[in-house]
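Protein sequence lines correspond, in order, to chains A and B. Each residue of the first sequence is one higher than the one before, counting from 0 in numbering that gives the first Met the number 0. Each residue of the second sequence is one higher than the one before, counting from 0 in numbering that gives the first Met the number 0. Using N, Cα and C, we set each Cβ at its ideal position, and we do this for glycine too. Below is one structure; the comments refer to it alone.
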Amino acid sequence: MARMKFLCDSERCIECNGCVTACKNENETPWGIQRRRVVTLGDGLPGEKSVSVACMHCSDAPCMAVCPTDCFYRTDEGVVLHDKDQCIGCGYCFYACPFGAPQFPQEGNFGIRGKMDKCTFCAGGPEKDGSADEYKKYGGNRLAEGKLPLCAEMCSTKALLAGDADVISEIFRERALTRGKGGELWGWQQAYGKDGAPAPAPAKKEVQK
Amino acid sequence: MRMLAAMLISAGLLAGCGETAQTVGDYRGKTDAKPYEANYGGDKAKWESALRARNQTQNEYKRVH
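So this is what it looks like as structure tokens:
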């Protein structure tokens, strides 16, 4: 198996927020914690595009680089996870992340920032797989059950794809060739591009008639 | 005296070369088990084929035809 990745096809995303709901339900995240969200560009204008955004499990994850307690690790499948027992809730990862993935629950009487929470690719965390502890801290561990992240599996238009990079790339390639447009991938190069590779040039703005 | 000064200056100039590399630190948390250990009895190939099959459910070209 190559490596796990997310891919969002903005030509297909209809901003239904099914992925957001599925994520919250599967992981029972607390109030105010959105591991996944849908961002719409040019909302209300002709040609608007929506993208489902969460932790992209970057190849060269900036959160890992800035963490002062080194609480992040990468699994053999390329999933970036963290140990909440090690996290001090400093928020450095939030500033480093280009996708705004790290979330911080408000805890205590004075709204003190709690330990960081983010998408786990439905792979739990460093607790016993399938244990109550793991579920409480990190949510479900579907990967250990041979399943893929629920956000992608629940996606009604299959805009959001998750899984082995080679497989989902091939699915997307076939789609883009069939429809003859929309071959651009938002955030793909930012998350998985080669070191120092420039971000892809923005698409030419379509002239509205 | 001049020799000593030259040595001190060169030592000072070379001090910059002793900088340690700034790399990502080693993970300091708990170790995580492999995802195929709990439910697949450590059979990685079986786990991978289950995921591959699951992956194809996202491909409606295959689901429909």
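Q. Terminal residues of the continuous beta strand (DSSP E) containing MET3/A?
A. For MET3/A, the uninterrupted beta strand (DSSP E) segment begins and ends at 3 to 7.
Q. Using the beta-carbon of each residue, which ones in chain B are nearer than 9 Å to LYS146/A?
A. Neighbours of LYS146/A in chain B, taken as residues at a C-beta separation under 9 Å, are given in chain order as ALA49, LEU50 and ARG53.
Q: Could you check the C-alpha separation between ALA5/B and GLY11/B for me, to the nearest Å?
A: 10 Å
(Q) Does the CB of PRO199/A have a neighbour CB from chain B at under 8 Å? (A) Note that PRO199/A scores a pLDDT of 43, beneath 50, so its modelled location is shaky and nothing firm can be said.
Q: Give the interface partners of LYS157/A over in chain B, defined as CB-CB distance under 7 Å, in chain order.
A: GLN57 and GLU59
(Q) Using a Cβ-Cβ distance cut-off of 8 Å, determine whether GLY28/B contacts chain A. (A) yes
Q. Can you tell me whether DSSP reads ALA53/A as helix, strand or coil?
A. Note: ALA53/A maps to coil in three-state DSSP.
Q | Chain-ordered neighbours of ILE167/A on chain B, where CB pairs are closer than 8 Å | A | ASN54 and GLN57
Q.
Out of ARG73/A, THR39/A, CYS66/A and PRO67/A, which one is the CA nearest neighbour of THR30/B?
A. ARG73/A
Q. For LEU50/B, is the classification buried or exposed, using 16 other Cβ atoms within 10 angstroms of its Cβ as the cut-off for buried?
A. buried
Q. At a Cβ threshold of 8 Å, is MET0/A touching chain B?
A. Yes, MET0/A counts as interfacial toward chain B.
Q) Is there at least one Cβ from chain A nearer than 8 Å to ASP42/B's Cβ? A) At a cut-off of 8 Å between beta carbons, ASP42/B makes no contact with chain A.
Q. Run through DSSP, which three-state label would ASP25/B get?
A. ASP25/B falls in the coil class under three-state DSSP.
Q. Counting along the chain, where does the beta strand (DSSP E) carrying GLY162/A start and finish?
A. 159 to 163
Q.
Distance cutoff 8 Å, beta carbons only. Does ALA196/A sit that close to anything in chain B?
A. Interpretation of ALA196/A is limited by its pLDDT of 43, a score under 50 that renders its predicted location unreliable; the figure taken from the coordinates is listed afterwards. Not an interface residue.
**Q.** Where ALA14/B meets chain A, residues with beta-carbon distance less than 7 Å
**A.** Per Cβ cutoff of 7 Å: no residues; ALA14/B is ~26 Å from chain A at best.
(Q) For a contact defined as C-beta to C-beta under 8 Å, what are the partners of TYR72/A on chain B? (A) TYR26, GLY28 and ASP31
Q: For ALA95/A, write down the residues that DSSP places opposite it in a beta bridge.
A: Answer is none; ALA95/A lacks a bridge partner.
Q: Please go through the same chain and pick out, in chain order, the residues whose beta-carbon is closer than 8 Å to the beta-carbon of ALA202/A, but skip the five residues on each side of it.
A: Only weak support is given to the placement of ALA202/A: the predicted model assigns it a pLDDT of 45, under 50, and the value that follows is read from those uncertain coordinates. The answer, listed in chain order, is GLU183.
(Q) Please identify the residue among GLY77/A, MET115/A, ALA21/A and ILE13/A whose C-alpha is closest to the C-alpha of PHE93/A. (A) MET115/A
(Q) What does DSSP give as the partner residue(s) for ILE8/B in the beta ladder? (A) Its beta-bridge partners do not exist; DSSP assigns none.
(Q) For CYS154/A and GLN85/A, what's the separation of their Cα atoms in angstroms? (A) 33 Å
Q: Tell me, please, whether the region 93 to 104 of chain A touches the region 119 to 137 of chain A by the rule of three or more beta-carbon pairs shorter than 8 Å.
A: no
(Q) Could you pull the DSSP bridge partners for ARG73/A from this structure? (A) Beta-bridge pairing by DSSP links ARG73/A to VAL79/A.
**Q.** Backbone secondary structure at THR39/A - three-state DSSP
**A.** strand
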